[in-house]
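This report refers to the structure that appears directly beneath it.
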Amino acid sequence: MKIARLLLFLLALHFTGTSYARQDSTCRLRISLLTCSPGEELYSAFGHTAIRVVDSTLGTDIVYNYGTFDDSDPDFYLKFTKGLMLYALSAYPFADFVREYQYYQRGVIEQTLQLSCAQALQLAAALRKNNMPENRFYNYYFHTDNCTTRARDMIAQQSGAGISFNNILGATAPTYRELIHSYLDKGGQYWSKFGIDILLGANLDKTVSNQEAMFLPDYLLKGVDSAFVENAPLVASKQVILPETPLDQSAKTLLTPLTFFAGLLVLIGGLSLLPSKGVRKLLTAFDIFFFLSLGILGILLLSLWIVRVDDVCRNNLNLLWALPTHLPLAFILWSRKEWIRRYFRFVFFFTLLVTVCWFFLPQQLNLAVAPILGLILVRSWYRTKA
1 MKIARLLLFL LALHFTGTSY ARQDSTCRLR ISLLTCSPGE ELYSAFGHTA IRVVDSTLGT
61 DIVYNYGTFD DSDPDFYLKF TKGLMLYALS AYPFADFVRE YQYYQRGVIE QTLQLSCAQA
121 LQLAAALRKN NMPENRFYNY YFHTDNCTTR ARDMIAQQSG AGISFNNILG ATAPTYRELI
181 HSYLDKGGQY WSKFGIDILL GANLDKTVSN QEAMFLPDYL LKGVDSAFVE NAPLVASKQV
241 ILPETPLDQS AKTLLTPLTF FAGLLVLIGG LSLLPSKGVR KLLTAFDIFF FLSLGILGIL
301 LLSLWIVRVD DVCRNNLNLL WALPTHLPLA FILWSRKEWI RRYFRFVFFF TLLVTVCWFF
361 LPQQLNLAVA PILGLILVRS WYRTKA
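Position one of the sequence shown corresponds to residue 1 (the UniProt record's numbering), numbered consecutively onward.
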């Protein structure tokens with residue numbers, strides 16, 4: 001009888017030991033958020049986010065990256081214009097990830113998440129499932145559904161942990177455009193900033209919520225730093241994988257959009273005061289090119305408003321000065337017909353109204369637009385006298 005009890009005890013001890021061994025092995029799963037510093041190119045100007053999963057039992061160290069896409073697609077640029085950017089989740093060794101960012105001298109910060117074994121297992125399983133060929137692709141929208149928001153949502157929704165984020169914005173919440181400007185100004189990408197401000201409409205001037213601000217990697221980093229799970233900090237530890245290398249400020253150009261168009265306004269304004277016939281012919285050639293360019297730009301803005309599936313190009317108030325009607329008028333503006341003079345008289349007063357209402361518009365116009373408005377005022381007024 002005693003021998004039987006002893007055998008039962010040893011058997012129970014064996015299975016208990018096996019159970020604890022399995023639980024211990026699952027707890028060796030470590031999941032962390034990787035935040036990468038901005039790069040010098042426009043596509044990397046806002047940084048990057050990825051998820052790292054380390055399984056010491058299997059000896060694997062995998063990075064899940066939601067920021068990959070295939071630019072070899074023959075319809076890539078057409079889809080890009082329509083806002084149908086197809087991005088994908090990719091999984092590859094952490095060493096390759098670090099090597100890439102080391103090559104580009106970009107910093108990487110790791111935040112190890114304080115998740116239970118069950119939560120870590122659930123999140124790792126969700127990432128593996130999401131990486132299957134039928135699940136890994138998604139439509140990319142740069143400020144609402146991108147590599148950073150995908151990482152945030154996977155951690156918050158698929159881990160099973162009740163994660164709550166504290167406020168990271170302060171008393172005054174910024175707009176999407178202001179957040180984007182802060183990165184482009186820091187990187188000296190003034191022409192990119194000008195292009196973005198021209199192409200993207202008033203919907204970008206919406207004030208962001210705490211959750212919406214986390215479309216940017218740095219803000220998700222702050223959000224995760226502030227987050228709690230079951231009354232405990234979400235971040236168990238934080239370390240610098242690669243130090244951030246300051247962006248090369250020597251690449252900043254003195255010829256910004258503002259200085260270029262301001263200089264052009266002074267030049268054209270001065271020439272417009274001269275009575276010389278040769279100067280008038282030169283200015284007529286300038287007017288053809290100038291109003292033709294404005295008309296083409298207006299048609300582009302109107303087309304993006306219509307064809308894009310997202311809303312970033314809608315309600316674009318740059319159409320108030322880049323009138324599509326300038327395109328056909330540019331080819332006959334030298335005509336002395338009265339209706340053409342009336343057209344430019346309307347353009348003058350309408351542009352004057354837009355200029356007066358600058359600070360009251362629901363869209364923040366790029367400062368370089370101000371001298372462009374000046375050029376329109378000067379040349380449309382002189383076209384009424386031609």
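Think of the CB as a built atom: it goes at the ideal place given N, C-alpha and C, for glycine as much as any other residue.
Keep in mind it's a predicted model, so treat the numbers as computed, not measured.
Beta-carbon gap between residue i and residue j smaller than 9 Å
i           : j      : result
residue 408 : MET214 : Here the chain comprises residues numbered 1 to 386, so residue 408 is not present and cannot be evaluated.
ASN203      : VAL312 : yes
ASP218      : GLY47  : yes
ILE268      : LEU283 : yes
ALA386      : LEU333 : yes
GLY201      : PHE165 : no
ILE179      : LEU221 : In the sequence on display, residue 179 carries Leu and not Ile. Cβ atoms of LEU179 and LEU221: not closer than 9 Å.
THR35       : VAL108 : yes
VAL63       : TYR92  : yes
TYR141      : LEU242 : no
PHE348      : THR384 : yes
THR253      : TRP191 : yes
VAL369      : ASN316 : no
SER120      : CYS27  : Checking the sequence shown, residue 120 turns out to be Ala, not Ser. Yes; because the gap between Cβ atoms is below 9 Å, this pair is in contact.
LEU115      : MET154 : no
PHE94       : ARG30  : no
ALA151      : LEU33  : yes
PHE290      : ARG345 : no
VAL266      : GLU110 : no
PHE331      : LEU302 : no
ALA45       : GLN211 : no
LEU247      : LYS186 : yes
LEU169      : VAL208 : yes
Other residues of its chain near residue i: CB distance less than 6 Å, five sequence neighbours each side excluded
i      : result
LEU8   : Confidence at LEU8 is low in this model, with a pLDDT of 37, below 50, so its placement is unreliable and the value that follows should be read with caution. For LEU8, where only same-chain residues beyond five positions count, there are no Cβ hits under 6 Å.
ARG136 : ALA88, LEU89
LYS193 : LEU184
LEU304 : CYS313
LEU86  : PHE137
PHE69  : TYR87
SER56  : ARG28
ASP61  : VAL54, PHE94
LEU320 : VAL354
GLN364 : ARG177, ASP205
8 Å CB neighbourhood of residue i in its chain, flanking five on each side removed
i           : result
residue 388 : Look at the range of the chain in this structure, 1 to 386, and you will see that residue 388 is not part of it.
GLU244      : SER37, ARG106, GLY107
PRO328      : GLY295
LYS82       : VAL307, ARG308, VAL309
VAL377      : What sits at residue 377 in the sequence shown is Leu, not Val. PHE348, THR351, LEU352, THR355, listed in sequence order.
ASP145      : TYR138, ASN139
LYS238      : ILE109, GLU110, GLN111, THR112, ASP225
LEU78       : none
Below-9 Å beta-carbon distance, residue i vs any chain C residue
i      : result
LEU271 : In the displayed structure, chain C is absent; only one protein chain is listed.
8 Å contact criterion, which residue i and residue j should meet: CB distance rounded
i      : j      : result
ASN366 : ASP197 : 4 Å
TYR66  : CYS147 : 4 Å
TYR382 : SER272 : 6 Å
ASN139 : LEU84  : 6 Å
TYR103 : HIS143 : With a Cβ gap of about 28 Å, TYR103 and HIS143 do not count as contacting.
Contacting residues, own chain, Cβ-Cβ under 7 Å from residue i (five flanking each side not counted)
i           : result
residue 389 : Only positions 1 to 386 of the chain appear in this structure, which leaves residue 389 out of reach.
LEU373      : TRP321, THR351, VAL354, THR355
Contact test: residue i Cβ vs the ligand COA heavy atom, cutoff 8 Å
i      : result
PRO233 : This structure lacks the ligand COA; in fact it carries no ligand of any kind.
Which runs of the beta strand (DSSP E) spanning at least 3 residues fall entirely within the UniProt domain "Lnb N-terminal periplasmic" (22–180), listed in chain order?
Those beta strand (DSSP E) runs which fall completely within the UniProt domain "Lnb N-terminal periplasmic" (22–180) and span 3+ residues are 29–36, 48–55, 60–69, 85–93, 108–113, 137–140.
Pairs of beta-carbons, one from the segment 226–233 and one from the segment 161–175, closer than 8 Å: are there three or more?
yes
Would you call the segment 312–326 and the segment 287–300 in contact, with 3 or more CB pairs under 8 Å?
yes
Extract the residue ranges of the alpha helix (DSSP H) inside the segment 192–227, only unbroken runs of 4 or more that lie entirely within it.
For the segment 192–227, whole alpha helix (DSSP H) runs of length 4 or above, ordered along the chain, are 217–226.
Entirely within the UniProt domain "Lnb-like transmembrane" (251–382) and at least 4 residues each: give me those alpha helix (DSSP H) ranges in chain order.
If we require 4 residues or more, the alpha helix (DSSP H) runs fully inside the UniProt domain "Lnb-like transmembrane" (251–382) come out as 257–272, 277–307, 326–329, 338–356.
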